[in-house]
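Participant: Going by the numbering used here, the first residue of the sequence shown is number 8, and it counts up by one from there.
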Amino acid sequence: MGVYNRAPVEVERGEGARLFAADGTVYLDCVQGISTNALGHAHPVLVQAVKDQAEKLWHVSNIFRIPDQEALAAELCDKSFADVVFFTNSGTEAVECALKTARKYHYVNGQPERIDIYGFDGAFHGRTYGAVNAAANPSYTEGFGPKMQGFHQLTWGDHEALKAAIANPTTAAIIVEPVQGEGGCRPVPDVCLRGLRELCDEHGVLIIFDEVQCGMGRTGKLWAHEWAGMQPDIMAIAKALGGGFPIGACLSTTEAAKGMTVGAHGSTFGGNPLAMAVGRAAFGELSKPETLAHVNEIAGYLKQQLHGLKERFPDVILDVRGKGLLTGLKLVPNNREFMAWARDGQHLLIAGGGDNCVRLLPPLNITLEEAREAVEKLERTCEAARGRMAA
Numbered sequence: 008m009g010v011y012n013r014a015p016v017e018v019e020r021g022e023g024a025r026l027f028a029a030d031g032t033v034y035l036d037c038v039q040g041i042s043t044n045a046l047g048h049a050h051p052v053l054v055q056a057v058k059d060q061a062e063k064l065w066h067v068s069n070i071f072r073i074p075d076q077e078a079l080a081a082e083l084c085d086k087s088f089a090d091v092v093f094f095t096n097s098g099t100e101a102v103e104c105a106l107k108t109a110r111k112y113h114y115v116n117g118q119p120e121r122i123d124i125y126g127f128d129g130a131f132h133g134r135t136y137g138a139v140n141a142a143a144n145p146s147y148t149e150g151f152g153p154k155m156q157g158f159h160q161l162t163w164g165d166h167e168a169l170k171a172a173i174a175n176p177t178t179a180a181i182i183v184e185p186v187q188g189e190g191g192c193r194p195v196p197d198v199c200l201r202g203l204r205e206l207c208d209e210h211g212v213l214i215i216f217d218e219v220q221c222g223m224g225r226t227g228k229l230w231a232h233e234w235a236g237m238q239p240d241i242m243a244i245a246k247a248l249g250g251g252f253p254i255g256a257c258l259s260t261t262e263a264a265k266g267m268t269v270g271a272h273g274s275t276f277g278g279n280p281l282a283m284a285v286g287r288a289a290f291g292e293l294s295k296p297e298t299l300a301h302v303n304e305i306a307g308y309l310k311q312q313l314h315g316l317k318e319r320f321p322d323v324i325l326d327v328r329g330k331g332l333l334t335g336l337k338l339v340p341n342n343r344e345f346m347a348w349a350r351d352g353q354h355l356l357i358a359g360g361g362d363n364c365v366r367l368l369p370p371l372n373i374t375l376e377e378a379r380e381a382v383e384k385l386e387r388t389c390e391a392a393r394g395r396m397a398a
């Protein structure tokens with residue numbers, strides 16, 4: 008189906024931060040599958056995990072115990088707020104599980120009327136029905152029938168509307184990305200996340216964090232919400248969890264998941280042995296203190312350099328946004344054109360985003376030399392953009 012506006016690049020293979028096209032062109036890849044290949048392309052630890060597991064067992068079913076699934080769940084819980092985990096194949100499935108978990112929680116508490124879930128403008132939670140309605144982006148919901156009952160969108164930064172939503176007696180949960188990705192790399196201020204926790208506790212409302220893009224070390228801590236020193240009740244993760252292999256997970260406290268009993272939810276492929284072997288390998292690398300320290304080092308360098316570019320090219324770059332290695336540039340020229348200039352002129356791959364932003368989503372193990380190269384390529388792209396706009 009013609010649902011993708013693809014770039015004219017025929018990819019053949021990847022290695023680390025490099026992507027090799029069929030015509031021989033070598034790109035510096037700061038898209039990485041949209042924040043998915045967190046350890047770069049063809050990381051040897053992940054490659055070996057696939058090879059080893061592929062020779063043993065790919066798939067059974069969740070009607071049997073899967074040792075690596077139990078082990079990865081234990082590792083995730085040990086390094087997060089969570090007590091229990093449900094494994095999926097993608098981020099949008101993890102979000103669906105989170106939405107169901109929140110509503111079922113209130114149902115078993117004797118409050119079935121509490122179904123309302125509030126999201127925010129600019130959010131992106133995936134493409135399945137519940138996920139698109141939770142984000143309520145008109146470009147993703149239009150043409151697919153009536154809006155689903157109980158989903159509402161709040162305006163980013165409208166604190167009074169948020170307070171009223173939380174106080175609504177039919178509210179089940181608030182869903183938010185601690186750092187918006189598709190919405191233009193907008194981080195929720197730490198003080199707002201702490202305030203959200205207090206308000207939700209006061210009114211018995213659950214907090215769902217979507218850390219599909221901003222979690223797993225991307226911001227310099229394992230989980231983006233750790234910067235605020237607070238915790239959600241439920242969290243959806245994916246992308247980096249498999250380092251490019253399709254894995255997602257819904258993490259929850261025991262209390263929030265009290266309604267998810269036998270038969271309440273399920274998945275054919277979620278948590279299969281092959282995925283779990285890769286997930287354990289990826290999580291083992293991503294959760295290392297030295298990995299997170301490296302992210303902060305490179306992020307500090309990039310932030311400094313990108314602000315320098317903004318000062319030198321105020322006619323091209325309006326703002327530098329994001330957190331850690333989820334970095335956004337709000338532009339004057341059209342972001343899609345800028346992406347093409349970077350790709351075709353500098354062989355630099357960057358991602359698009361809302362609010363006319365471009366995103367840099369390099370692998371978390373990108374070297375300082377590669378980060379410096381990315382900045383140099385961005386500088387030359389800004390020079391080209393200035394020339395094109397002048398013309």
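We put the beta carbon where it would ideally sit given N, CA and C, even for glycine.
Owing to the predicted nature of the structure, the values given are computational and were not obtained by experimental measurement.
Is it right to say V38 is buried, meaning 16 or more other beta carbons lie within 10 angstroms of its own, or is it exposed?
Facilitator: Sequence index remark: in the sequence shown, residue 38 carries index 31 (1-based). Classification of V38: buried, given that the 10 Å Cβ count is 16 or more.
Participant: Please name the residue or residues paired with H272 in a DSSP beta bridge.
Facilitator: Translated into the one-based positions of the sequence shown, residue 272 becomes position 265. DSSP, once it has assigned bridges, lists no residue as partnering H272.
Participant: Specify, as a first and last residue, the run of the alpha helix (DSSP H) that K107 falls within.
Facilitator: Along the sequence shown, one-based indexing puts residue 107 at 100. It spans 98-115 - the alpha helix (DSSP H) in which K107 sits, taken as one unbroken run.
Participant: Over the uninterrupted beta strand (DSSP E) stretch that includes S259, give me the two end residues.
Facilitator: Within the sequence shown, the letter at position 252 stands for residue 259. Boundaries of the beta strand (DSSP E) harbouring S259: 255-259, taken from the DSSP string.
Participant: Is it right to say G31 is buried, meaning 16 or more other beta carbons lie within 10 angstroms of its own, or is it exposed?
Facilitator: For the purposes of this step, residue 31 is taken as residue 24 along the sequence shown, with counting starting at 1. Result: exposed.
Participant: If you draw a straight line from the alpha carbon of G6 to that of D217, how long is it in whole angstroms?
Facilitator: With the chain covering only 8 through 398, there is no way to say anything about residue 6.
Participant: Please state if the CB of G335 and the CB of R343 are separated by a distance shorter than 8 Å.
Facilitator: Position 336 of the sequence shown holds residue 343. Position 328 of the sequence shown holds residue 335. Against a cut-off of 8 Å, the Cβ pair of G335 and R343 comes out as no contact.
Participant: Taking only three categories from DSSP, how would you classify L161?
Facilitator: As a first step, residue 161 must be located in the sequence shown, where it is residue number 154. Strand, per DSSP.
Participant: My parser needs the alpha helix (DSSP H) runs of 4 or more residues fully inside the stretch 271-342; what are they?
Facilitator: Fully contained in the stretch 271-342 are the following alpha helix (DSSP H) runs of length 4 or more, in chain order: 280-293, 296-319.
Participant: Helix, strand or coil, according to DSSP, for P185 in the structure here?
Facilitator: Counting from 1 along the sequence shown, the entry for residue 185 is found at position 178. P185: coil per DSSP, three-state reduction.
Participant: In chain order, what residues of the same chain lie with their CB nearer than 7 Å to the CB of F320, ignoring the 5 residues before and after it?
Facilitator: Counting from one through the sequence shown, the residue named residue 320 turns up at place 313. Counting only Cβ-Cβ distances below 7 Å, and skipping sequence neighbours, we find C389, R393.
Participant: Please give me, in chain order, every unbroken run of the beta strand (DSSP E) with length at least 3 that falls completely inside the stretch 24-57.
Facilitator: 25-28, 33-36
Participant: What does the alpha-carbon distance come out to for the pair S316 and R387?
Facilitator: Within the sequence shown, numbered from 1, the residue matching residue 316 stands at position 309. Within the sequence shown, numbered from 1, the residue matching residue 387 stands at position 380. Reading off the sequence shown, one finds Leu at residue 316, where the question assumed Ser. Taking the straight line joining both Cα atoms gives about 10 Å.
Participant: Tell me the rounded alpha-carbon separation between C257 and H166.
Facilitator: Here the question's residue 257 lines up with position 250 in the sequence shown. Here the question's residue 166 lines up with position 159 in the sequence shown. Going by the C-alpha atoms only, they are around 27 Å apart.
Participant: Relative to the alpha-carbon of I122, which residue among G255, L325, H113 has its alpha-carbon at the smallest distance?
Facilitator: As a working note, residue 122 is residue 115 in the sequence shown. Nearest C-alpha to I122 among G255, L325, H113: H113.
Participant: Check whether the stretch 206-216 and the stretch 173-188 touch, using three or more Cβ-Cβ pairs below 8 Å as the test.
Facilitator: yes
Participant: For A220, count the other beta carbons within 10 Å of its own beta carbon; 16 or more makes it buried, fewer makes it exposed. Which is it?
Facilitator: Residue numbering aside, residue 220 sits at position 213 when the sequence shown is read from its first letter. The question names Ala, yet the displayed sequence has Gln at residue 220. Answer is buried; the Cβ neighbour count reaches 16.
Participant: Indicate the three-state DSSP secondary structure (helix, strand or coil) for Y147 in the structure shown.
Facilitator: To locate residue 147, count along the sequence shown from 1; it is residue 140. DSSP places Y147 in helix when its eight states are reduced to three.
Participant: Excluding the five sequence neighbours on either side, which residues of its own chain have a C-beta within less than 7 Å of the C-beta of A288, listed in chain order?
Facilitator: For the purposes of this step, residue 288 is identified with residue 281 of the sequence shown, where counting begins at 1. Excluding positions up to five away in sequence, the list reads V52, L53, A56.
Participant: Is T388 helix, strand or coil by DSSP?
Facilitator: Along the sequence shown, read from residue 1 onward, the residue named residue 388 stands at position 381. If DSSP states are grouped into helix, strand and coil, T388 belongs with the helices.
Participant: Thinking C-beta only, is F158 closer than 8 Å to A141?
Facilitator: In the sequence shown, counting from the first residue as 1, residue 141 sits at position 134. In the sequence shown, counting from the first residue as 1, residue 158 sits at position 151. In this structure, F158 lies closer than 8 Å to A141 by Cβ.
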